[in-house]
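Note that this note's numbering has the sequence shown beginning at 80, numbered continuously upward.
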Amino acid sequence: MDRAGRPDRRTLLVGGLMGATVALAGCSSTRTAASTTGASPEARPTTPAAAFARLMEGNKRWVSGDLQHPDRDPNRRQLVAQEQEPFGSILSCIDSRVPPELLFDTGLGDLYVMRTGGEAVGPVVTGSIEYGPMTSDTPLIVVLGHQRCGAIKAAYTSLRDGKPLPGNLQAIVKALQPAYEQAVREDGADPVETMARAQVRLTAADLRSNKDLAPLVAKGALAVVGAYYSLDTGKVKVLAGAPS
Numbered sequence: 080m081d082r083a084g085r086p087d088r089r090t091l092l093v094g095g096l097m098g099a100t101v102a103l104a105g106c107s108s109t110r111t112a113a114s115t116t117g118a119s120p121e122a123r124p125t126t127p128a129a130a131f132a133r134l135m136e137g138n139k140r141w142v143s144g145d146l147q148h149p150d151r152d153p154n155r156r157q158l159v160a161q162e163q164e165p166f167g168s169i170l171s172c173i174d175s176r177v178p179p180e181l182l183f184d185t186g187l188g189d190l191y192v193m194r195t196g197g198e199a200v201g202p203v204v205t206g207s208i209e210y211g212p213m214t215s216d217t218p219l220i221v222v223l224g225h226q227r228c229g230a231i232k233a234a235y236t237s238l239r240d241g242k243p244l245p246g247n248l249q250a251i252v253k254a255l256q257p258a259y260e261q262a263v264r265e266d267g268a269d270p271v272e273t274m275a276r277a278q279v280r281l282t283a284a285d286l287r288s289n290k291d292l293a294p295l296v297a298k299g300a301l302a303v304v305g306a307y308y309s310l311d312t313g314k315v316k317v318l319a320g321a322p323s
């Protein structure tokens with residue numbers, strides 16, 4: 080991940096684009112062809128608003144089924160083989176139904192992705208989240224919760240009944256306890272969904288106030304967005320922190 084001694088990115092980009100031009104010569108430039116082979120690389124978003132817009136555009140394609148599958152061809156693989164500059168960092172759940180790269184219709188080298196049960200955060204996870212903004216000028220962090228989260232449900236039940244979970248599962252429960260307490264205070268109609276949304280909001284707020292990330296947020300170089308994914312519709316809804 081260290082950039083020392085690596086080829087200039089512009090050289091790699093030019094090479095990738097030349098290869099893409101040759102591959103497309105004599106072929107139809109229809110959208111269908113692009114979605115089959117992987118769309119041509121777009122310029123990397125450099126602002127929080129542009130990065131967030133790119134993600135939400137991808138989610139719209141995911142919902143409609145009009146996917147482009149960008150940045151997933153051999154040219155892209157070659158382009159990012161020596162270095163990476165993802166435009167977003169995603170903290171999401173381990174749930175198999177919530178893969179960020181798919182539901183945002185992104186590709187190779189586009190996102191840093193951290194996945195834990197219920198978006199539980201500890202020092203190692205926080206350090207992994209910090210990595211993008213602090214080393215690659217990644218302008219966006221998204222904390223992505225989701226509907227019917229099994230980890231949240233298990234933690235809620237454990238804390239409500241006072242019955243610890245076995246092994247290291249209890250570490251997840253402990254990490255999610257602040258969200259449980261917030262959900263109890265809110266007393267929503269569906270306590271598990273209330274807890275899941277609380278976990279997103281609390282985690283996003285913690286990251287915004289993080290001593291290393293807060294200065295980047297303050298000067299507008301970074302946004303930390305809390306969002307929620309619907310398993311039923313495929314849509315991502317913003318809960319807090321959308322950049323303007």
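We put the CB at the ideal spot given by N, CA and C, even for glycine. Just so we're clear, the structure is a prediction, and the values are computed from it rather than from any experiment.
Problem set entry | Gly197 versus Ser175: straight-line alpha-carbon distance, rounded | Going from the Cα of Gly197 to the Cα of Ser175 covers about 12 Å.
Problem set entry | Candidates Thr273, Val304, Ala275: closest to Ser288 by CA position | When each option's Cα is compared against that of Ser288, the closest is Val304.
Exercise. From this set, Gly186, Glu260, Pro124, Val279, which residue's C-alpha is nearest Thr236's C-alpha?
Worked result: When each option's Cα is compared against that of Thr236, the closest is Glu260.
For this session: Mark Thr214 as exposed unless 16 or more other C-beta atoms lie within 10 angstroms of its C-beta, in which case mark it buried.
Result: Its Cβ having fewer than 16 others within 10 Å, Thr214 is exposed.
Problem set entry | Val159 versus Glu121: straight-line alpha-carbon distance, rounded | Cα to Cα, the separation comes out at about 14 Å.
Exercise. For Met193, which residues of its own chain have a beta-carbon under 8 Å away from its beta-carbon, when the five flanking residues on both sides are left out?
Worked result: Leaving aside the five residues that flank Met193 on each side, the residues in its chain whose CB is nearer than 8 Å to its CB run, in chain order, Ser168, Ile169, Leu170, Ser171, Val204, Ser207, Ile208.
Exercise. Whose C-alpha, out of Met274, Val296, Tyr210, is nearest the C-alpha of Arg239?
Worked result: Closest by alpha carbon: Met274.
For this session: Could you pull the start and end residues of the alpha helix (DSSP H) that Ile231 belongs to?
Result: Start and end: 229–240.
Exercise. Would you call the CB atoms of Val315 and Asn138 closer than 8 Å?
Worked result: In contact: Val315 and Asn138 (Cβ atoms closer than 8 Å).
Exercise. According to the neighbour-count rule (16 or more other Cβ atoms, all chains shown, within 10 Å of its Cβ), is Tyr307 buried or exposed?
Worked result: Buried, because 16 or more other Cβ atoms sit within 10 Å of the Cβ of Tyr307.
For this session: Would you tell me roughly how many angstroms separate the C-alpha atoms of Ala113 and Gln157, rounded to the nearest one?
Result: Only weak support exists for where Ala113 lies, its pLDDT of 38 falling under 50; the coordinates are left without a value.
Exercise. Applying the criterion that 16 or more other CB atoms from any shown protein chain within 10 Å of the CB defines a buried residue, is Leu223 buried or exposed?
Worked result: With 16 or more neighbouring CB atoms inside 10 Å of its own CB, Leu223 falls in the buried class.
Exercise. Would you call the region 173–189 and the region 124–141 in contact, with 3 or more CB pairs under 8 Å?
Worked result: Contact holds: three or more Cβ-Cβ distances are below 8 Å.
Exercise. How about Leu219 and Ala293: do their beta carbons lie closer than 8 Å?
Worked result: Not in contact: Leu219 and Ala293 (Cβ atoms no closer than 8 Å).
Exercise. Is the CB-CB distance between Pro257 and Leu281 below 8 Å?
Worked result: Yes.
Problem set entry | Rounded C-alpha distance that separates Ser309 from His225 | Going from the Cα of Ser309 to the Cα of His225 covers about 6 Å.
For this session: Can you tell me which of the three DSSP states Leu292 falls into?
Result: Leu292 falls in the coil class under three-state DSSP.
Exercise. Which stretch, first to last residue, makes up the beta strand (DSSP E) that contains Ile173?
Worked result: Where Ile173 is concerned, there is no enclosing beta strand (DSSP E), because DSSP gives it neither an H nor an E.
For this session: Give every residue of the same chain whose Cβ lies closer than 6 Å to the Cβ of Val221, excluding the five residues on either side of it in the sequence, and list them in chain order.
Result: These residues qualify, in order along the chain: Ile169, Val304, Ala306.
Exercise. Under 8 Å between the Cβ atoms of Arg155 and Leu187?
Worked result: Going by C-beta atoms, Arg155 is nearer than 8 Å to Leu187.
Problem set entry | Residue(s) in a DSSP beta bridge with Asp155 | Note on residue identity: the sequence assigns Arg, not Asp, to residue 155. DSSP output for Arg155 lists no bridge partner at all.
Exercise. How about Phe166 and Ala321: do their beta carbons lie closer than 8 Å?
Worked result: Not closer than 8 Å, so no.
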